[in-house]
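Protein chains: 2
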Amino acid sequence: MTLDAVLNKIDSDLDPSLERLSDFLRIPSISTDPAFKADCQRAADWLVADLTSLGVEAEVRPTPGHPMVIGHVGDGAPHLMFYGHYDVQPVDPLDLWDRDPFDPAIEETALGKVIRARGACDDKGQLMTFIEACRAWKAVHGSWPCRITFIFEGEEESGSPSLVPFLKEHTDELSQPDMALICDTGLFDRDTPAITTMLRGLLGEEITITGPNKDLHSGLFGGPAINPIRVLTRIIAALHDDTGRITVPGFYDGVDELPEAVRAQWDRLGFNPDAFLGDVGLSRPAGEADRTALEMLWSRPTCEVNGIDGGYTGDGFKTVLPAKASAKISFRLVGTQDPQAIRDSFRAMVRDMLPPDCSVTFKDHGCSPASVMSTDDPKFEAARLALSDEWPREAAFIGGGGSIPIAGYFKEILGLPSMLIGFGLDDDQIHSPNEKYDVRSFHKGARSWARVLDALTR
Amino acid sequence: MTLDAVLNKIDSDLDPSLERLSDFLRIPSISTDPAFKADCQRAADWLVADLTSLGVEAEVRPTPGHPMVIGHVGDGAPHLMFYGHYDVQPVDPLDLWDRDPFDPAIEETALGKVIRARGACDDKGQLMTFIEACRAWKAVHGSWPCRITFIFEGEEESGSPSLVPFLKEHTDELSQPDMALICDTGLFDRDTPAITTMLRGLLGEEITITGPNKDLHSGLFGGPAINPIRVLTRIIAALHDDTGRITVPGFYDGVDELPEAVRAQWDRLGFNPDAFLGDVGLSRPAGEADRTALEMLWSRPTCEVNGIDGGYTGDGFKTVLPAKASAKISFRLVGTQDPQAIRDSFRAMVRDMLPPDCSVTFKDHGCSPASVMSTDDPKFEAARLALSDEWPREAAFIGGGGSIPIAGYFKEILGLPSMLIGFGLDDDQIHSPNEKYDVRSFHKGARSWARVLDALTR
Chain Z
1 MTLDAVLNKI DSDLDPSLER LSDFLRIPSI STDPAFKADC QRAADWLVAD
51 LTSLGVEAEV RPTPGHPMVI GHVGDGAPHL MFYGHYDVQP VDPLDLWDRD
101 PFDPAIEETA LGKVIRARGA CDDKGQLMTF IEACRAWKAV HGSWPCRITF
151 IFEGEEESGS PSLVPFLKEH TDELSQPDMA LICDTGLFDR DTPAITTMLR
201 GLLGEEITIT GPNKDLHSGL FGGPAINPIR VLTRIIAALH DDTGRITVPG
251 FYDGVDELPE AVRAQWDRLG FNPDAFLGDV GLSRPAGEAD RTALEMLWSR
301 PTCEVNGIDG GYTGDGFKTV LPAKASAKIS FRLVGTQDPQ AIRDSFRAMV
351 RDMLPPDCSV TFKDHGCSPA SVMSTDDPKF EAARLALSDE WPREAAFIGG
401 GGSIPIAGYF KEILGLPSML IGFGLDDDQI HSPNEKYDVR SFHKGARSWA
451 RVLDALTR
Chain L
1001 MTLDAVLNKI DSDLDPSLER LSDFLRIPSI STDPAFKADC QRAADWLVAD
1051 LTSLGVEAEV RPTPGHPMVI GHVGDGAPHL MFYGHYDVQP VDPLDLWDRD
1101 PFDPAIEETA LGKVIRARGA CDDKGQLMTF IEACRAWKAV HGSWPCRITF
1151 IFEGEEESGS PSLVPFLKEH TDELSQPDMA LICDTGLFDR DTPAITTMLR
1201 GLLGEEITIT GPNKDLHSGL FGGPAINPIR VLTRIIAALH DDTGRITVPG
1251 FYDGVDELPE AVRAQWDRLG FNPDAFLGDV GLSRPAGEAD RTALEMLWSR
1301 PTCEVNGIDG GYTGDGFKTV LPAKASAKIS FRLVGTQDPQ AIRDSFRAMV
1351 RDMLPPDCSV TFKDHGCSPA SVMSTDDPKF EAARLALSDE WPREAAFIGG
1401 GGSIPIAGYF KEILGLPSML IGFGLDDDQI HSPNEKYDVR SFHKGARSWA
1451 RVLDALTR
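Just so you know, the protein sequences line up as chains Z and L, in that order.
Everything in the first sequence is counted per the working numbering, starting at 1 for the first residue and increasing by one.
Everything in the second sequence is counted per the working numbering, starting at 1001 for the first residue and increasing by one.
This is the structure in structure tokens:
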């Protein structure tokens, strides 16, 4: 049976496949920081070279930001489109890393081998699981399982500003596939694979409050001069009420209660909030009162301050009364919440709270609505069974707290349904220091994709 | 008349005296940043060399931090001790400077020549007015006006941690003078000299709130995981009520209403809050409701956030839920407010507001009570008349919003009264980018000290 041959090839090819991943991880493709622009280009070039070596017609396509990688190969139904992103998160605070984030290493841990580096999981390791499955398939069969289109972007970690225009410009080419496969999500737990069918949206805002026209001495001006940090903290503190509910007017429009059937399915997953929070040093769910932790993660919206900055923040002390203060604020969105309406309402609320002599500027850091996938297409059940064959426990349809706006864009612009399968774990420390990817995730991930490709083309 | 000869010598020596100041300003003696430790030592050495050239027995005395400069010279009554500080504030944000902060230049402005550099006013330019007066006196008389002790410290901008131990260790040597002269304050306005007799105290605290044990992805953990920035902003927002009053329990103990006589004297100064605030782009006093701007500056306490930092603050956006967030907070103190009692009460209030799963650490950035000088000593009136002779308008006894804790230490530890005379202006941008000192302040400052020395030794 040729599936077994493909799986065996993946097994025997594990060491070289980890070396390939390590090469890819050495490229510091941080998309949000302009200093790494050339590295993003290098990561795109690296992917094109690897795909080309497999016979894919691949090329780098320029965008106003970091380039896209597009590849076409194979024939036969279904026509699948595989998506991943080659850009990674920034690495600060660098002093909390145990090693150079761009010098990957295989480490032994209590739970097995891991590969440690920025991007090891998110998303370089994940996207390589699909490429390695294809490499093995090609080596065994001499051909491809079906027609496959590859799309890799380099701006996922910075709000994908070029993606929508690119999809719109290339609708003829990219709307031909039947379904998109996206590898940027996780297992439900170490032994339970998952297909994510519900994802929160994301809205990013940066606000800067300006008071005096320059930094002042807090002794010479403190008292009569307004302090923008005080104004900013007052505004941020007002964004939640005492029950943890978000106070932006109209914010909860489009947030529905969970259907009983879904609630029951989630209850059966046996999610353990104590263990989930305990892993990161916490003990009590801190979101809206009277919601379960899984609701807080998958079906309730949030408002978070992702960064705040003002005045003197170096060593020692400086009695400055700063001219300005700023914060990066994001909202996770669910159901049919309208990002643009929420942005407008948030901005109006901030403007209403401004005291005399203060001004505010807003910076739009992108937005995407929540996505909810329809699982009626039999490919979902076929993939779920294929995943269940590879892992110790049966695969589940789950929600996800993170945002993968790409699924929404594929639906809206290309008319494509998406299937989200990934092998990340909660302890992968993505977006944090010491990011890693289990070698087991990488290895069984590639095997999982071989099984899914087999199931979808049988 | 020899005073005229001294004044003439100061006039004719102006250009070389500015060159000496420029040499001193080229040394980046930022005390709060450990990277500039050697430069602080260089600044101390520079002062010793200059004093030695005038015949002063001067030396660098080590401390656990940056060194002290101590000098002794002359004989006869009164025995005066002159204090200044050779350290300067940090220079960030550097991009707001129009030139290298440590490459001083004389610039022509609409209001006359200025010397522009970090420390031009605070405090290198100010302390050099006294040294230049002494230099001219020595050149004309061949001797010193009276016995003078010099003390220059290098940690004034970072809370003077070594000063109190040093004064205690050298009480025999340093308690011998009759009075201290401190040059670190300002003119009341461009034409009105001032002796500052009332100074606010200062209390510095840094608080760090920790929640999760590492930075988290705000999608994967946002909702159930507590966000330390949210906790910090909630605490800071609670430090003032809606009338601008500070809410720390017991904070106003020791804050007295201004005596009617003092209020009347301040009213006569003709302080213009619109002009004062207008200069820095503001229009309305932002302190406690129902207080005048001069009260807010001189006789009312404050609570300011001097810096706040948490999460991702670089370019772009990062959907991080940070492990911690911190703020530098200072209180300006008046009357007999007890710094230690306020520190304890502030810390208790913060601890009371902490939600589950959060911890707080506090860092003590020093404290000093307010100082109120007694003007009964006839030297005060003699100095006031001497200053009035030099400037277009009569000199006044005023309050000061800033903190010069040294006057309190001299009183407490050495039993010395202090007289605070300085020539800074509100637009000198001390602690801000583009700090400057008017050449007129420097020149008439030196002349003022010659007149004061003459008046106190006549």
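Just so it is clear, CB atoms sit at the ideal spot from N, CA and C, and this is done for glycine as well.
Below-9 angstroms beta-carbon distance, residue i vs any chain L residue
i: Z/His85; result: no
i: Z/Glu107; result: no
i: Z/Ala463; result: Here chain Z covers residues 1 to 458 and nothing more, so residue 463 of chain Z does not appear.
i: Z/Met296; result: yes
i: Z/Gly281; result: yes
i: Z/Gly316; result: yes
i: Z/Asp123; result: no
i: Z/Lys328; result: yes
Secondary structure of residue i, DSSP reduced to three states
i: Z/Thr2; result: helix
i: Z/Ile229; result: helix
i: Z/Ile430; result: coil
i: L/Met1198; result: strand
i: L/Ser1017; result: helix
i: Z/Phe188; result: coil
i: L/Ser1143; result: coil
i: Z/Asn8; result: helix
i: Z/Met296; result: helix
i: Z/Ala275; result: helix
i: L/Lys1324; result: strand
i: L/Ser1031; result: coil
i: Z/Ile342; result: helix
i: L/Leu1080; result: strand
i: L/Ala1459; result: There is simply no residue 1459 of chain L to check, as chain L begins at 1001 and stops at 1458 in what is shown.
i: L/Cys1040; result: helix
i: Z/Leu94; result: helix
9 angstroms Cβ cutoff met for residue i and residue j
i: Z/Ile308; j: L/Leu1187; result: no
i: L/Gly1424; j: L/Gln1089; result: no
i: Z/Ala383; j: Z/Met128; result: no
i: L/Met1179; j: L/Leu1416; result: yes
i: Z/Gly219; j: L/Gly1402; result: yes
i: L/Asp1122; j: L/Asp1050; result: no
i: Z/Ile10; j: Z/Ala120; result: no
i: Z/Glu435; j: Z/Arg118; result: yes
i: Z/Gly71; j: Z/Thr149; result: yes
i: L/Ser1299; j: L/Leu1239; result: no
i: Z/Ile226; j: L/Ala1286; result: yes
i: L/Glu1155; j: L/Asp1087; result: yes
i: Z/Ile413; j: Z/Val255; result: no
i: L/Ser1160; j: L/Pro1405; result: yes
i: Z/Pro193; j: Z/Trp391; result: yes
i: Z/Leu7; j: Z/Ala450; result: yes
i: Z/Met353; j: Z/Met419; result: no
i: Z/Thr319; j: Z/His431; result: no
Cutoff 9 angstroms: residue i Cβ touching any chain Z Cβ
i: L/Tyr1312; result: yes
i: L/Gly1119; result: no
i: L/Lys1214; result: yes
i: L/Leu1220; result: yes
i: L/Arg1200; result: yes
i: L/Gln1429; result: yes
Whole-Å CB distance - residue i paired with residue j, under 8 angstroms assumed
i: Z/Asp428; j: Z/Tyr437; result: 6 angstroms
i: Z/Ala289; j: Z/Thr243; result: 4 angstroms
i: L/Gly1201; j: L/Gln1337; result: 7 angstroms
i: L/Val1280; j: Z/Lys324; result: About 13 angstroms separates the two Cβ atoms, so there is no contact after all.
i: Z/Gly366; j: Z/Gly223; result: Wrong, their Cβ atoms sit about 40 angstroms apart, outside the cutoff.
i: L/Ile1131; j: L/Val1439; result: With 8 angstroms as the limit, L/Ile1131 and L/Val1439 do not qualify as a contact, their Cβ atoms being about 16 angstroms apart.
Residue i beta carbon near the ligand FMN (any heavy atom closer than 8 angstroms)
i: L/Phe1410; result: Because no ligand of any kind appears in the structure shown, any question about the ligand FMN cannot be addressed here.
(request) Evaluate contact between the stretch 75 to 92 of chain Z and the stretch 133 to 150 of chain Z, counting only Cβ atoms and requiring at least three cross-stretch pairs below 8 angstroms. (result) yes
(message) Closer than 8 angstroms is the cut-off here; do at least three beta carbon pairs connect the stretch 1036 to 1050 of chain L with the stretch 1017 to 1027 of chain L?
(response) yes
(request) Answer yes if the stretch 443 to 457 of chain Z comes into contact with the stretch 1056 to 1066 of chain L, meaning at least three C-beta pairs across the two stretches below 8 angstroms, and no otherwise. (result) no
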